[in-house]
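In our numbering, the protein residues as written are -19 to 316.
Just so it is clear, CB atoms sit at the ideal spot from N, CA and C, and this is done for glycine as well.
Bear in mind that the values here come from a model prediction, so they are computed numbers and not experimental data.
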Ligand code: HPA
Ligand code: ZN
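(1) Please report the distance separating the alpha-carbon of residue 212 from that of residue 189.
(2) Taking the alpha-carbon of residue 79 as reference, which of 117, 112 and 106 has the nearest alpha-carbon?
(3) Would DSSP call residue -5 helix, strand or coil?
(4) Taking its Cβ as the centre, do 16 or more other Cβ atoms sit within 10 Å of residue 182, making it buried, or is it exposed?
(5) Looking at C-alpha atoms only, which residue of 14, 167, 255 and 70 is the closest neighbour of residue 202?
(6) Does the Cβ-Cβ distance between residue 121 and residue 150 come in under 8 Å?
(7) Would you decide whether residue 227 is buried or exposed? Buried here means 16 or more other CB atoms lie within 10 Å of its CB.
(8) For residue 138, which residues from the same chain have a beta carbon less than 6 Å from its beta carbon, with the 5 sequence-adjacent residues on both sides left out?
(9) Quick one: Cα of residue 112 to Cα of residue -7, how far?
(10) So for residue 24, helix, strand or coil by DSSP?
(11) Should residue 81 be counted as a contact of ligand 2 given a C-beta to heavy atom distance under 7 Å?
(12) If you follow the beta strand (DSSP E) that residue 119 is part of, which residue opens it and which one closes it?
(13) Would you call the stretch 67 to 78 and the stretch 11 to 30 touching, i.e. three or more CB-CB distances under 8 Å?
(14) What does DSSP give as the partner residue(s) for residue 173 in the beta ladder?
(15) Beta carbon of residue 9, beta carbon of residue 62: below 8 Å?
(16) Can you tell me whether DSSP reads residue 58 as helix, strand or coil?
(17) Just checking, does the stretch 273 to 281 make contact with the stretch 236 to 245 on the three C-beta pairs under 8 Å criterion?
(18) From 43, 59, 218 and 175, pick the residue whose C-alpha is nearest to that of residue 0; which is it?
(19) Between -17, -3, 83 and -18, which has its C-alpha nearest residue 265's C-alpha?
(20) Leaving out the 5 sequence neighbours to the left and right, which residues in its chain are closer than 6 Å to residue 148 when beta-carbon positions are compared?
(21) What are the start and end residues of the beta strand (DSSP E) that includes residue 78?
(22) Apart from the five residues just before and just after residue 308, which ones in its own chain have a Cβ nearer than 8 Å to its Cβ?
(23) Quick one: what's got a C-beta closer than 8 Å to residue 142's C-beta in the same chain, skipping five residues either side?
(24) Do residue 377 and residue 156 have their C-beta atoms closer together than 8 Å?
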């Protein structure tokens, strides 16, 4: 084993695949449930943890969505973001682009402005702590295209608070093209765009083809099934399109980390990255994901440095900022 946990913890990183709602730790969940008088069916941390049983994306989402009921006011959303950003700082995350799911809240009566203003307050606090945090608004793909459009329009008055637009939730029967119109509008309006292509879905490769060639995403979230189609692999390498991979999350919702695919893509020069997805549920924050992948696939320091560099190079920051962070990695590598 040539790369240590400490090295990976200190390595400057960008986190690009992180669902704020997936950072709700049992402690905060119980505190907010008590504050807002919400019965979540559990009253101890052990009981909450015991409810975390899933073996697929669908079964994970069935635990994930009901938990969000504890988030009610602006302070709750802010507290959730700050909780994550404090952890991100400890893992030496310098820059992050954080997913949030407004429809998971507006659909239960929480106003859009409460969600965005609360999260954005948290993001500002993160920046004060030295973590350059930004927000990516995701549509829930198991809701209708009309609902996504309505959410997009609700977001427009807050557009200076939103860096990009994404797509998440249950992919089964909810292909990317269902949302072609709203993504086209978002792209034309200058938002960055990305979409989840989850692991081993029905018609994964067709969905990956469509997000690349029809929607025109800048990144793919997960997306490792691309290895099944050599022409698509050549295409992403040529275009520099990045992947936000989440090895520990993969090992919860499928039978493995998909590390062989991630390593193959890395070795081919594709811009793969490592991220934590829903760290409170998979009990793995970003450096833990880096370590899990490095240990299982015997990756070198150089491999992990490349992954960290990829995380900045596919992030949505200026070329100047990319250079600054990549130089920071080189400096760190020289000294450690
Ligand atoms: N895929 C789809 N939806 C999600 C995920 C994911 O990895 N995490 C949280 N919502
Ligand atoms: Zn995800």
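The structure says:
(1) 7 Å
(2) 117
(3) strand
(4) exposed
(5) 255
(6) yes
(7) buried
(8) 96
(9) 11 Å
(10) coil
(11) no
(12) 112 to 120
(13) no
(14) 145
(15) no
(16) helix
(17) yes
(18) 59
(19) -3
(20) 118 and 176
(21) 73 to 80
(22) -8 and 74
(23) 96, 115, 116, 117, 135 and 171
(24) No answer is possible for residue 377: it lies beyond the span of the chain, which begins at -19 and ends at 316.
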